[in-house]
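This report refers to the structure that appears directly beneath it.
2 protein chains.
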Amino acid sequence: MLKLHHHPMSTASRFARLVLAEYGERCELVEERPWERRREFLVINPAATLPVLFEDSGPPIVGGIVVGEYLDETRGAFQRDKRLMSEKPLERAEARRLTDWFLDKMESEVTRYLIRERVFKLEMRADNGGGAPDASAIRAARANLKHHLRYLGWLVESRDWVAGKRLSYADMAAAAALSTLDYIGEVPWESEPQVKEWYMRLKSRPSFRALLSERVRGLPPSLNYAELDF
Amino acid sequence: MLKLHHHPMSTASRFARLVLAEYGERCELVEERPWERRREFLVINPAATLPVLFEDSGPPIVGGIVVGEYLDETRGAFQRDKRLMSEKPLERAEARRLTDWFLDKMESEVTRYLIRERVFKLEMRADNGGGAPDASAIRAARANLKHHLRYLGWLVESRDWVAGKRLSYADMAAAAALSTLDYIGEVPWESEPQVKEWYMRLKSRPSFRALLSERVRGLPPSLNYAELDF
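Residue numbers (full-length UniProt numbering), protein chains in the order written: chain A, 1 to 230; chain B, 1 to 230.
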């Protein structure tokens, strides 16, 4: 049995859930609020990051990219043409570069700030970092988002999928990031029609259903969040 | 032929060089100063990060961890007991968690600041971020370093190597980070004897020789940087 410690608005958690769903894996979900630094969670993962996956009574598998590699080795390798990674080392390197781009680079320039200021702060106590949103962080993140959307637009325009000819982890990572931002209405879809068209393809996949039907307590999603044709 | 774009004081570049040397791979080195955002380099890697590896006339392989995975697939897999990754998915996950810890988490809490303030600023023009070192960044990084050393001490005390029973990428990543900091005399070795003992074992490996003999222009290394018994 698989068990995933996650937060519904953590991009890396969403990435792991999309991969699990693509491979048809059922998984128990445990919601974590990493900013609370729960003692039992820190023992599992001293970095206090999400997601963390457990398989049966095995040790913790920590972090979106590490979970992705583990699932590629234990599930993907037996999926033939449904595998979300190429078999070729150079194509795998390109998918990894872009998975890292959307889970790490975009996270540290855009997603982390918007989600923290607009979502996590609603749930945080004052002594855990709660309080009023920081308008300058939001402004900077929105400005950075434009560059990431333009880059993603260029990628999906010049290739079939984000990392090349096949659907891969890079698509799951980019879609996970955009889906968290879309929940809070932060994606200016009209500015990048190619990105919108690509995201509609992703959103229509059965693996997306659970994310689209989920709601964060006290925070309704943007108007078209769950619409497949938006 | 392999070609690596690197900087001698970039931890992720040192990690890649250690792995290449462990596998006996010769490699042409091209020094980059990522802060100059050289146009040809940005075309290769729009994230402007190091290292970037090329194999023959193939596409760029970008980032320390991605280079590591590529080398595991194309070299490590044929190295039997000299492979720097286990064959077992759960052990691979633990090595990946800790490789990421030292190349990414420690980088963003310690190494990036100390190297930037004390080394890169010497080479940067004023319009590229040069200027006097930021004393408060240095202070914060030094305080964070203590926690990372304590964690590394706990790891190598409770295991044979950083990630478990075998020498792995996690050792290369931790040693790469410590070696850049040791060059500028920032590692308080006496505070963590276990870390010192482990680092002496690493430092004595032939793969370390090139790093220990290299010098940064205008910046002599700390007194014991190249001493195997320090």
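C-beta atoms are modelled at their ideal positions from N, C-alpha and C, and glycine is treated no differently. Just so it is clear, the structure is predicted and the values come from calculations on it, not from any experiment.
**Request:** State the Cα-Cα distance for the pair B:ARG37 and B:ASP72, rounded to the nearest angstrom.
**Result:** In the second sequence, the residue the question calls residue 37 of chain B occupies position 37. In the second sequence, the residue the question calls residue 72 of chain B occupies position 72. Taking the straight line from one Cα to the other gives about 29 Å.
**Request:** Give me the Cα-Cα distance between B:ASN45 and A:ASP160, rounded to the nearest whole angstrom.
**Result:** On the second sequence, residue 45 of chain B is found 45 positions in, with the first residue counted as 1. On the first sequence, residue 160 of chain A is found 160 positions in, with the first residue counted as 1. For B:ASN45 and A:ASP160, the distance between alpha carbons rounds to 20 Å.
**Prompt:** What number of angstroms, rounded off, separates the C-alpha of A:ALA137 from the C-alpha of A:GLY68?
**Reply:** The residue labelled residue 137 of chain A in the question sits at position 137 within the first sequence. The residue labelled residue 68 of chain A in the question sits at position 68 within the first sequence. So the two alpha carbons sit approximately 30 Å from each other.
**Request:** Could you check if A:ALA173 is buried or exposed, using at least 16 other CB atoms within 10 Å of its CB as the buried criterion?
**Result:** Along the first sequence, read from residue 1 onward, the residue named residue 173 of chain A stands at position 173. So A:ALA173 counts as buried.
**Request:** Could you check what DSSP says for A:GLU31 in three-state terms: helix, strand or coil?
**Result:** Start at 1 with the first residue of the first sequence, and residue 31 of chain A comes out as number 31. DSSP places A:GLU31 in strand when its eight states are reduced to three.
**Asked** So, do the segment 59–67 of chain A and the segment 144–158 of chain A have three or more beta carbon pairs nearer to each other than 8 Å?
**Response** no
**Asked** Would DSSP call B:LEU53 helix, strand or coil?
**Response** The residue labelled residue 53 of chain B in the question sits at position 53 within the second sequence. B:LEU53: strand per DSSP, three-state reduction.
**Request:** State yes or no: is the C-beta of B:LEU181 within less than 8 Å of the C-beta of B:LEU114?
**Result:** Here the question's residue 181 of chain B lines up with position 181 in the second sequence. Here the question's residue 114 of chain B lines up with position 114 in the second sequence. It is a contact, given that the beta carbons lie within the stated cut-off.
**Request:** Could you tell me which residues DSSP pairs with B:LYS3 in its beta bridges?
**Result:** In the second sequence, counting from the first residue as 1, residue 3 of chain B sits at position 3. Paired residue(s): B:GLU28 and B:PHE54.
**Message:** So that I know if they touch, is there some Cβ in chain A lying closer than 8 Å to that of B:ILE115?
**Reply:** Here residue 115 of chain B is taken as the residue at index 115 of the second sequence, counted from 1. No, B:ILE115 lies away from the interface with chain A (no Cβ there is under 8 Å from its Cβ).
**B:ARG118 beta carbon less than 8 Å from that of B:PRO133** = The residue you call residue 133 of chain B lines up with position 133 of the second sequence. The residue you call residue 118 of chain B lines up with position 118 of the second sequence. A contact, by the Cβ cut-off of 8 Å.
**Prompt:** Does the segment 177–192 of chain A come close enough to the segment 20–37 of chain A to have 3 or more Cβ pairs within less than 8 Å?
**Reply:** no
**Counterpart residues of residue 232 of chain A in DSSP-defined beta bridges** = For chain A, the structure presents residues 1 to 230; residue 232 of chain A sits outside this window and is missing.
**Asked** B:ASP182 lies in the alpha helix (DSSP H); which residues open and close that run?
**Response** What you label residue 182 of chain B is simply residue 182 of the second sequence in a count that begins at 1. That run of the alpha helix (DSSP H) goes 169–183.
**Prompt:** First and last residue of the alpha helix (DSSP H) that includes B:TRP198?
**Reply:** Taking the first residue of the second sequence as position 1, residue 198 of chain B is located at position 198. 193–203 is the extent of the alpha helix (DSSP H) around B:TRP198.
**Prompt:** Can you tell which of B:ALA163, B:ALA12 and B:HIS147 has the C-alpha that lies nearest to the C-alpha of B:LEU98?
**Reply:** Numbered from 1 along the second sequence, position 98 holds the residue referred to as residue 98 of chain B. Of the candidates B:ALA163, B:ALA12 and B:HIS147, the one whose C-alpha sits nearest the C-alpha of B:LEU98 is B:ALA163.
**Asked** At least one CB of chain B closer than 8 Å to the CB of A:ASP160: is that the case?
**Response** Stepping through the first sequence from its first residue, residue 160 of chain A is reached at position 160. By this cut-off, A:ASP160 is not an interface position.
**Message:** What residue range does the alpha helix (DSSP H) around B:LYS146 cover?
**Reply:** Taking the first residue of the second sequence as position 1, residue 146 of chain B is located at position 146. Start and end: 135–158.
**Request:** Kindly indicate the opening and closing residues of the alpha helix (DSSP H) around B:TYR113.
**Result:** Working through the second sequence from its first residue, we reach residue 113 of chain B at position 113. 112–115 is the extent of the alpha helix (DSSP H) around B:TYR113.
**Request:** Give the straight-line distance between the Cα atoms of B:ARG125 and A:ALA48, rounded to the nearest whole angstrom.
**Result:** Here residue 125 of chain B corresponds to residue number 125 of the second sequence, with the count starting at 1. Here residue 48 of chain A corresponds to residue number 48 of the first sequence, with the count starting at 1. Whole-angstrom Cα-Cα distance: 37 Å.
**Message:** Just to confirm before moving on: does the CB-CB distance between B:LYS196 and B:LEU228 stay below 8 Å?
**Reply:** Translated into the one-based positions of the second sequence, residue 196 of chain B becomes position 196. Translated into the one-based positions of the second sequence, residue 228 of chain B becomes position 228. Result no, Cβ atoms of B:LYS196 and B:LEU228 do not sit closer than 8 Å.
**Request:** Could you tell me the distance, in whole angstroms, from the CA atom of B:TYR70 to the CA atom of A:HIS5?
**Result:** For this step, residue 70 of chain B is matched to residue 70 along the second sequence. For this step, residue 5 of chain A is matched to residue 5 along the first sequence. C-alpha separation (whole angstroms): 29 Å.
**Prompt:** Which residues in the same chain as A:MET106 place their Cβ atom closer than 7 Å to its Cβ, once the five residues preceding and following it in sequence are excluded?
**Reply:** Indexing the first sequence from 1 puts residue 106 of chain A at position 106. So the list reads HIS148 and ALA177, once near-sequence residues are dropped.
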